[in-house]
């Protein structure tokens, strides 16, 4: 029989794993977009790759680094928000018309 203590998962570890997985999948998608840029030379594809990378791995890394240097929760949220806005603006540039 499985012990009850093995079935209990800490919420913080679940959050860490899901955020890390999101960053990895986002980097994979960004890598595919970057390969499209290298194949076709399209600056829009490069911008899409950068935007996706910022929205996924960039937000994750910014939050981790801000927390590591001891920034408060407000500063972590500010950094995450700024990276998100920059990533969204980059994606917007990539998908807008000529």
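Numbering (our numbering), first residue to last: 216 to 313.
All residues carry an ideal CB built from backbone N, CA and C; glycine is no exception.
- Residue 267 and residue 238 do not touch by the CB rule: their CB atoms are close to 11 Å apart, not below 8 Å.
- Contact between residue 269 and residue 310 does not hold, since their C-beta atoms are separated by about 15 Å, which reaches or exceeds 8 Å.
- Along the region 236-304, the alpha helix (DSSP H) occurs as fully enclosed runs of 4 or more residues at 258-268, 274-283, listed in sequence order.
- Rounded to whole angstroms, residue 241 and residue 261 show a C-alpha spacing of 15 Å.
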